[in-house]
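*Asks:* Position in the sequence shown counted from 1, then plus 27, gives you my numbering.
Built from N, CA and C at the ideal position, the CB exists for glycine as well.
All values derive from a computational prediction rather than experimental measurement.
Below you will find the structure I want to go over with you.
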Amino acid sequence: MLVKTIQRYIFFCLAALGGTILPAAAADSYAVALSRAERANLEQSVCGSQFGVAAAEITAYALLPHAEVANFADVSCRPHTQWQGQPLYWVAQCGRDQGRWSCAPPELEMQLHSSTGLLRVRPGTLTPSRAAQAISRLSSYGYFEGKSISAALESTCNMGMGKTADLIEISCRHWAIHISYWCPQSSRTNACPRIIYMEKLQ
């Protein structure tokens, strides 16, 4: 148990420093209350100093049960604008190392309508409109090789361009999906963009 906890702590620290946003309620993590000073510090670091907005929510977690000190925190800023009636806001994950907090670069987050309701999406290198188009088309497909698209589209989904201009990579809570806008046989029976890869994450 101790070895596993240490491994997860190292993983979370590296993810925060490297800019990888992890699920808010990751496995083997436990909610911890932050002091007023810590909350103010994280709010200013992520939201105030960079975007001039307050934090909408700050949730802190520890890697050990009954811990009094948090190891990492998810920070969501208040919306700074809207896109087609839905809020756009910044989020970041922060980690504590030797009593000091450091935060990954903030990422834009939006909420999009999918076949299962509102889906939290981080468009990454995509524009909000491009991300929305991809999610809209994807959520209408139903199944890919017997795997449910609706079940795979679970908040939060990270998106980004692939190795070529036609590829978009989508990583949701438990699934990775790659779609391509290169559709040489596009027709009513061959949807475009087309799914070229879909696997459940370990």
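If you compare alpha carbons, which of Y57, A87, A94, S56 is closest to E70?
*Replies:* For the purposes of this step, residue 70 is taken as residue 43 along the sequence shown, with counting starting at 1. It is A87 whose Cα lies nearest to the Cα of E70.
*Asks:* Check whether the segment 198 to 208 touches the segment 149 to 160, taking contact to mean three or more Cβ pairs, one atom from each stretch, closer than 8 Å.
*Replies:* Contact between the segment 198 to 208 and the segment 149 to 160 is absent, because fewer than three Cβ pairs lie under 8 Å.
*Asks:* In the DSSP assignment, what residue or residues form a beta bridge with I197?
*Replies:* As a working note, residue 197 is residue 170 in the sequence shown. DSSP lists M186, I204 as partners of I197.
*Asks:* Which word fits D55, buried or exposed, when buried means at least 16 other C-beta atoms lie within 10 angstroms of its C-beta?
*Replies:* As a working note, residue 55 is residue 28 in the sequence shown. Flag for D55 reads exposed.
*Asks:* For the beta strand (DSSP E) containing L91, list its first residue and its last residue.
*Replies:* Walking along the sequence shown from the start, residue 91 turns up at place 64. First-last for L91: undefined, no H or E at that position.
*Asks:* Does the beta-carbon distance from S103 to E84 come in below 8 Å?
*Replies:* Counting from one through the sequence shown, the residue named residue 103 turns up at place 76. Counting from one through the sequence shown, the residue named residue 84 turns up at place 57. For S103 and E84, yes; Cβs fall inside 8 Å.
*Asks:* Can you give me the Cβ contacts of A52 inside the same chain, cut-off strictly under 6 Å, excluding the 5 residues immediately before and after it?
*Replies:* The residue labelled residue 52 in the question sits at position 25 within the sequence shown. Interpretation of A52 is limited by its pLDDT of 47, a score under 50 that renders its predicted location unreliable; the figure taken from the coordinates is listed afterwards. Excluding residues within five positions, none has a Cβ falling inside 6 Å.
*Asks:* In the structure shown, what three-state DSSP assignment does Q120 receive?
*Replies:* On the sequence shown, residue 120 is found 93 positions in, with the first residue counted as 1. Residue state, collapsed to three classes: strand.
*Asks:* Quick check on the burial criterion: 16 or more other C-beta atoms within 10 angstroms. Buried or exposed for R123?
*Replies:* By one-based count along the sequence shown, residue 123 stands at place 96. Counting Cβ neighbours within 10 Å, R123 comes out buried, since at least 16 surround it.
*Asks:* Starting from A58, trace the beta strand (DSSP E) in both directions and tell me its first and last residue.
*Replies:* Translated into positions along the sequence shown, residue 58 becomes position 31. Start and end: 57 to 59.
*Asks:* For Y168, collect the residues of the same chain with a Cβ closer than 8 Å to its Cβ; drop the 5 residues on either side in sequence, then sort them by chain order.
*Replies:* As a working mapping, residue 168 is identified with position 141 in the sequence shown. Hits under 8 Å: I176, A218, I222.
*Asks:* According to DSSP, simplified to helix, strand and coil, what is I48?
*Replies:* On the sequence shown, residue 48 is found 21 positions in, with the first residue counted as 1. Summary for I48: the model assigns pLDDT 42, below 50, so the residue's position carries little reliability; its value from the coordinates is reported in the next sentence. Reduced to three states, the DSSP call for I48 is coil.
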